[in-house]
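Peer 1: Heads up: the protein sequence lines correspond to chains A and B, in order.
Mapping of the first sequence onto UniProt numbering: position 215 corresponds to residue 215, and the numbering continues sequentially without gaps.
Mapping of the second sequence onto UniProt numbering: position 219 corresponds to residue 219, and the numbering continues sequentially without gaps.
There are 2 protein chains.
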Amino acid sequence: MVKAKTWILKKYFEGFPKESDFELRVVDLPEPKDGEVLVEALYLSLDPYLRLFNRDFIKEGDVQYGGQVAKVIQSQNKAFPVGCHVFVHSGWRTHTLSDGSDLTKLPSNWPKDIPLSLALGAIGMPGLTALYGLEEVLQIKAGETVLVSAAAGAVGAVVGQICKIKGCKVVGSAGSDAKVAYLKELGFDEAFNYKTISSLEEALKAASPDGYDCYFENVAGPFFTAALSQMKKEGRIAVCGAISVYNDTTPQTCPFPHKTMLVNHLKMEGFTVWKWKHKDEESLQRLLTWMKEGKLKAKEVVTVGFENTPAAFLRMLRGNDIGKHIVKV
Amino acid sequence: MVKAKTWILKKYFEGFPKESDFELRVVDLPEPKDGEVLVEALYLSLDPYLRLFNRDFIKEGDVQYGGQVAKVIQSQNKAFPVGCHVFVHSGWRTHTLSDGSDLTKLPSNWPKDIPLSLALGAIGMPGLTALYGLEEVLQIKAGETVLVSAAAGAVGAVVGQICKIKGCKVVGSAGSDAKVAYLKELGFDEAFNYKTISSLEEALKAASPDGYDCYFENVAGPFFTAALSQMKKEGRIAVCGAISVYNDTTPQTCPFPHKTMLVNHLKMEGFTVWKWKHKDEESLQRLLTWMKEGKLKAKEVVTVGFENTPAAFLRMLRGNDIGKHIVKV
Chain A
1 MVKAKTWILK
11 KYFEGFPKES
21 DFELRVVDLP
31 EPKDGEVLVE
41 ALYLSLDPYL
51 RLFNRDFIKE
61 GDVQYGGQVA
71 KVIQSQNKAF
81 PVGCHVFVHS
91 GWRTHTLSDG
101 SDLTKLPSNW
111 PKDIPLSLAL
121 GAIGMPGLTA
131 LYGLEEVLQI
141 KAGETVLVSA
151 AAGAVGAVVG
161 QICKIKGCKV
171 VGSAGSDAKV
181 AYLKELGFDE
191 AFNYKTISSL
201 EEALKAASPD
211 GYDCYFENVA
221 GPFFTAALSQ
231 MKKEGRIAVC
241 GAISVYNDTT
251 PQTCPFPHKT
261 MLVNHLKMEG
271 FTVWKWKHKD
281 EESLQRLLTW
291 MKEGKLKAKE
301 VVTVGFENTP
311 AAFLRMLRGN
321 DIGKHIVKV
Chain B
1 MVKAKTWILK
11 KYFEGFPKES
21 DFELRVVDLP
31 EPKDGEVLVE
41 ALYLSLDPYL
51 RLFNRDFIKE
61 GDVQYGGQVA
71 KVIQSQNKAF
81 PVGCHVFVHS
91 GWRTHTLSDG
101 SDLTKLPSNW
111 PKDIPLSLAL
121 GAIGMPGLTA
131 LYGLEEVLQI
141 KAGETVLVSA
151 AAGAVGAVVG
161 QICKIKGCKV
171 VGSAGSDAKV
181 AYLKELGFDE
191 AFNYKTISSL
201 EEALKAASPD
211 GYDCYFENVA
221 GPFFTAALSQ
231 MKKEGRIAVC
241 GAISVYNDTT
251 PQTCPFPHKT
261 MLVNHLKMEG
271 FTVWKWKHKD
281 EESLQRLLTW
291 MKEGKLKAKE
301 VVTVGFENTP
311 AAFLRMLRGN
321 DIGKHIVKV
């Protein structure tokens with residue numbers, strides 16, 4: 001018998017989430033039966049989509065959903081021996097009992113000098129999101145100019161680095177001077193702090209006077225409308241997120257994008273990383289290789305202690321830190 | 001010397017256009033020189049895009065732009081002998097002097113029993129718009145369900161009929177019971193009057209409980225948001241027009257489409273017919289063939305007299321008639 005700590009979603013979020021929307025609950029897990037394994041969480045992943053899909057994936061009273069990197073500590077399943085590291089989307093919990101069907105082993109060639117927690121970041125879902133958004137949705141080509149918003153975020157930072165690997169010019173927008181400095185460090189060609197400029201359109205024009213072939217959209221809000229106005233003819237937009245509107249109680253609206261889209265023959269496509277699951281194994285290897293070669297760097301914001309998970313989640317949503325937010329359990 | 005009557009755009013439109021935004025002006029045209037031809041307008045085309053691009057194509061004081069079917073009445077150019085029928089985008093004018101570079105001959109096999117004016121409608125730009133929107137943008141497949149708004153319009157009516165030719169289910173929305181009856185006559189599977197229903201979403205659900213694979217968008221406004229909510233996973237939207245917002249003085253807005261687009265992996269693409277000009281000749285033959293076979297029908301709203309062109313334009317924008325609006329010069 002194992003005592004598993006879990007964080008329950010007590011109440012659907014109204015506006016900006018509160019710590020009191022969650023409740024810590026301890027449950028007893030039985031020993032694994034034949035075919036089952038017990039895994040122990042090492043790192044929990046905190047991502048904007050936890051806010052976005054608040055009312056879609058679970059009900060009030062369920063364990064908050066989310067991904068984690070865990071270690072097998074008891075096993076009745078040969079595929080997952082004790083000590084093996086897995087990714088599992090079992091939510092905010094310290095221990096998970098599984099029949100193995102929801103477990104994904106971390107790549108067996110994971111290098112010793114790369115933290116396992118990156119399997120929740122640049123070598124995990126956010127990294128894959130960046131890769132698929134660029135390759136599958138935008139289909140970027142060398143020489144093109146790519147704009148990315150929330151560029152210092154877990155996804156955006158990888159977007160910019162892959163753009164450089166592929167010979168594109170990349171322009172990033174972020175919300176602090178420290179983030180802008182980080183983007184320059186990562187190799188972004190241009191970066192600006194959208195909070196301190198007087199005009200979004202002017203900033204976008206200054207960073208790329210000829211406009212943008214591609215826009216990797218993470219934010220919505222006024223930035224979306226400004227970016228739309230700066231797209232080149234036949235431009236493409238990948239809709240990955242809309243962080244600036246997730247916490248709205250009164251929904252923000254935008255001018256209809258129709259005229260701009262039809263005059264300039266723009267394409268816009270919404271996507272989630274789950275669409276290309278069949279490519280994940282190969283894609284993670286490519287991300288790993290780029291990291292080993294030094295072409296892909298990653299920063300993390302680590303909160304220690306399972307008890308601090310809700311607070312860390314709110315901190316992630318506030319967006320003041322640089323890097324991928326995780327909880328070290 | 002020929003006296004050509006022209007309609008000048010005196011003032012850019014503010015809100016709904018007024019007859020006083022135009023001014024009749026007579027100009028003298030010289031005899032055609034070597035290589036030139038003089039054509040006389042037979043029919044002028046009245047289309048929503050004349051409203052949409054009001055400030056984009058011409059300046060105040062220029063002849064109002066637009067397409068026309070004309071007849072060569074004097075020629076110093078062997079490619080365009082006297083008597084030959086052409087399409088020319090020379091605007092609201094009775095006579096045009098041309099070096100031939102802007103003239104397109106009507107298909108030489110144009111059947112005697114098909115009115116030449118249809119070269120401005122189902123066998124012209126609106127018909128091509130429908131065809132390219134369905135084949136190039138939406139890439140419809142037999143068995144799919146297609147939604148089209150402004151379905152009784154010059155483009156929408158062709159959209160519906162091509163959908164049926166290609167084995168799709170087609171649902172049309174229009175603004176009067178008479179239009180709905182016309183859509184049924186054309187073979188639409190479902191049609192409804194959006195002005196007399198209590199809920200757009202419910203009407204869309206009733207017409208296709210499983211949702212829509214494709215949406216041919218002509219209107220914007222609340223219909224767009226409702227349609228977006230009824231798209232199937234991996235649905236496609238072709239943005240052809242936005243008639244409901246063209247005359248806004250205070251721009252209408254819409255909720256950000258991001259979440260719906262990313263959850264359902266929706267694609268949205270703006271287009272104009274001019275993108276596939278290289279295919280026009282072959283495409284017009286296909287439209288002609290369908291018409292000869294009785295698979296494609298067309299209705300026209302004919303205003304007689306060049307003097308009445310502005311009034312006919314306003315009438316077209318009011319949207320109370322059924323069919324493609326033309327002026328018989």
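Ideal placement from N, C-alpha and C gives every residue a C-beta, glycine not left out.
Since the model is a prediction, treat every value here as computed from it, not as a measurement.
Who pairs with residue 267 of chain B in a beta bridge, going by DSSP?
Peer 2: For residue 267 of chain B, which the question treats as bridged, DSSP gives the partners A/269, B/236.
Peer 1: Which first and last residues belong to the beta strand (DSSP E) in which residue 8 of chain A is found?
Peer 2: 2–9 is the span of the beta strand (DSSP E), which, as asked, contains residue 8 of chain A.
Peer 1: Just to confirm, is the Cβ distance from residue 17 of chain B to residue 243 of chain B under 9 Å?
Peer 2: No, they are not a contact pair.
Peer 1: Taking just the CA atoms, how far does residue 59 of chain B sit from residue 13 of chain B?
Peer 2: If you take the alpha carbons of residue 13 of chain B and residue 59 of chain B, they lie about 12 Å apart.
Peer 1: Along chain B, in chain order, which residues have C-beta atoms closer than 7 Å to that of residue 252 of chain A?
Peer 2: Those are 256, listed as they occur along chain B.
Peer 1: Could you work out which residues of chain A lie near residue 272 of chain B, taking near to mean beta carbons separated by less than 9 Å?
Peer 2: Near residue 272 of chain B (Cβ distances below 9 Å), the residues of chain A are 262, 263, 265.
Peer 1: Using the beta-carbon of each residue, which ones in chain A are nearer than 7 Å to residue 232 of chain B?
Peer 2: Neighbours of residue 232 of chain B on chain A: none; closest Cβ ~13 Å, over 7 Å.
Peer 1: Residue 109 of chain A: buried (16+ other C-beta within 10 angstroms of its C-beta) or exposed?
Peer 2: The residue is exposed, with fewer than 16 neighbouring Cβ atoms inside 10 Å.
Peer 1: Name the DSSP bridge partner or partners of residue 172 of chain B?
Peer 2: For residue 172 of chain B, which the question treats as bridged, DSSP gives the partners B/148, B/191.
Peer 1: Within 10 angstroms of its Cβ, does residue 268 of chain A collect 16 or more other Cβ (buried), or is it exposed?
Peer 2: That one is buried.
Peer 1: Determine the contact status of residue 200 of chain B and residue 227 of chain B, defining contact as a CB-CB distance below 9 Å.
Peer 2: Taking 9 Å as the Cβ cut-off, residue 200 of chain B and residue 227 of chain B qualify as a contacting pair.
Peer 1: Given a threshold of 16 other Cβ atoms within 10 Å of its Cβ, counted over all protein chains shown, does residue 85 of chain B qualify as buried or as exposed?
Peer 2: It is buried - the Cβ of residue 85 of chain B has at least 16 other Cβ atoms within 10 Å.
Peer 1: Do the CB positions of residue 72 of chain A and residue 90 of chain A come within less than 9 Å of each other?
Peer 2: The answer is no: Cβ separation not under 9 Å.
Peer 1: Alpha carbon to alpha carbon, how far is residue 104 of chain B from residue 143 of chain B?
Peer 2: Rounded to whole angstroms, residue 104 of chain B to residue 143 of chain B spans 36 Å at the Cα level.
Peer 1: Exposed or buried, which one is residue 265 of chain A when buried takes at least 16 other CB atoms within 10 Å?
Peer 2: Answer is buried; the Cβ neighbour count reaches 16.
Peer 1: The beta strand (DSSP E) that contains residue 326 of chain A, what's its start and end?
Peer 2: Looking at the DSSP string, the run of the beta strand (DSSP E) that includes residue 326 of chain A is 324–328.
Peer 1: What are the partner residues of residue 224 of chain B, as DSSP defines its beta bridges?
Peer 2: Residue 224 of chain B is not bridged to any residue.
Peer 1: Report the option in B/19, B/128, B/248, B/246 whose CA atom is closest to the CA atom of residue 278 of chain B.
Peer 2: Cα-wise, what sits closest to residue 278 of chain B is B/128.
Peer 1: Spatial neighbours of residue 152 of chain A within its chain, please: C-beta separation below 7 Å, excluding the five flanking residues on both sides.
Peer 2: Excluding residues within five positions, the ones whose Cβ falls inside 7 Å are 174, 179, 182, 183, 322.
Peer 1: Check whether chain B comes within 9 Å of residue 239 of chain A, counting only Cβ atoms and requiring the distance to be less than that.
Peer 2: Yes - at least one Cβ of chain B is within 9 Å of the one on residue 239 of chain A.
Peer 1: Using the beta-carbon count (16 or more within 10 Å), is residue 206 of chain B buried or exposed?
Peer 2: Exposed: under 16 other Cβ atoms inside 10 Å.
Peer 1: Just to check my reading of the structure: residue 88 of chain A and residue 70 of chain A have Cβ atoms closer than 8 Å, yes? What is that Cβ distance to the nearest angstrom?
Peer 2: Rounded, the Cβ-Cβ distance is 6 Å, consistent with contact.
Peer 1: With residue 52 of chain A as the anchor, note down where its alpha helix (DSSP H) starts and where it stops.
Peer 2: From DSSP, the alpha helix (DSSP H) with residue 52 of chain A extends over 49–52.
Peer 1: When you compare each of B/41, B/20, B/21, B/15 to residue 4 of chain B by their alpha carbons, which one comes out closest?
Peer 2: When each option's Cα is compared against that of residue 4 of chain B, the closest is B/41.
Peer 1: Along the segment 34–65 of chain B, where does the CB come closer than 9 Å to a CB of chain A? Name the residues.
Peer 2: Those residues of the segment 34–65 of chain B that come within reach of chain A (Cβ to Cβ, closer than 9 Å) are 52, 53, 56.
Peer 1: Please report how far the alpha carbon of residue 20 of chain A lies from the alpha carbon of residue 256 of chain A, in whole angstroms.
Peer 2: For residue 20 of chain A and residue 256 of chain A, the distance between alpha carbons rounds to 37 Å.
Peer 1: What span of residues does the beta strand (DSSP E) with residue 158 of chain A cover, start to end?
Peer 2: Per DSSP, residue 158 of chain A belongs to no beta strand (DSSP E); it is in the alpha helix (DSSP H), 154–165.
Peer 1: Can you confirm whether residue 259 of chain A, when its beta carbon is compared against all beta carbons of chain B, has any partner nearer than 9 Å?
Peer 2: Closer than 9 Å to some Cβ of chain B, the Cβ of residue 259 of chain A qualifies, so yes.
Peer 1: Tell me the DSSP secondary structure of residue 140 of chain B in three-state form.
Peer 2: Of the three classes helix, strand and coil, the one that applies to residue 140 of chain B here is coil, per DSSP.
Peer 1: Could you tell me which chain B residues have their CB closer than 8 Å to the CB of residue 269 of chain A, listed as they occur along the chain?
Peer 2: The answer, in chain order, is 261, 265, 266, 267, 268.
Peer 1: Hey, could you find the ends of the beta strand (DSSP E) residue 217 of chain B is sitting in?
Peer 2: That run of the beta strand (DSSP E) goes 212–217.
Peer 1: Terminal residues of the continuous alpha helix (DSSP H) containing residue 312 of chain A?
Peer 2: Where residue 312 of chain A is concerned, the enclosing alpha helix (DSSP H) stretches over 309–318.
Peer 1: Residue 275 of chain A CB to nearest chain B CB: under 9 Å?
Peer 2: Chain B contact via Cβ: present.
Peer 1: Nearest CA to the CA of residue 241 of chain B: which residue from A/232, A/145, A/240, A/259?
Peer 2: Among A/232, A/145, A/240, A/259, the Cα nearest to that of residue 241 of chain B is on A/259.
Peer 1: From the beta carbon of residue 242 of chain B, is the nearest beta carbon of chain A less than 9 Å away?
Peer 2: Cβ-Cβ to chain A under 9 Å: yes for residue 242 of chain B.
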